[in-house]
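*Asks:*
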Ligand SMILES: [Zn+2]
């Protein structure tokens with residue numbers, strides 16, 4: 002069964018972009034403040050929440 006969960010794959014994609022940014026951003030590497038890093042982290046969390054809502058875990 003191949004079900005494409007758009008929200009989940011979107012969150013994965015964002016997470017990958019976030020990791021890539023951390024890899025290349027000296028500020029994020031030093032745990033310093035980085036506007037882009039904060040924005041990306043927020044986007045990842047929002048996407049994760051959206052993905053969770055689409056498959057609730059009340060089984
Ligand atoms: Zn950064």
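Numbering (the working numbering), first residue to last: 2 to 60.
Where a beta carbon is used, it is the ideal one built from N, C-alpha and C, also for glycine.
Since the structure is predicted, the reported quantities are computational estimates derived from the model, not experimental observations.
(1) So is the beta-carbon of residue 74 under 6 Å away from any non-hydrogen atom of ligand 1?
(2) Evaluate residue 45 with the Cβ neighbour count: other Cβ atoms within 10 Å of its Cβ, from every protein chain shown; 16 or more gives buried, anything less gives exposed.
(3) Helix, strand or coil for residue 37? Go by DSSP, reduced to three states.
(4) Relative to the C-alpha of residue 41, which residue among 56, 7, 33, 19 is closest?
*Replies:* The structure says:
(1) This structure cannot speak to residue 74, because the chain is shown only from 2 to 60.
(2) For the purposes of this step, residue 45 is identified with residue 44 of the chain shown, where counting begins at 1. Looking at its Cβ environment, which holds 16 or more other Cβ atoms inside 10 Å, residue 45 is buried.
(3) Translated into the one-based positions of the chain shown, residue 37 becomes position 36. In the three-state reduction of the DSSP assignment, residue 37 falls in the helix class.
(4) Position 40 of the chain shown, counting from 1, holds the residue named residue 41. Among 56, 7, 33, 19, the Cα nearest to that of residue 41 is on 19.
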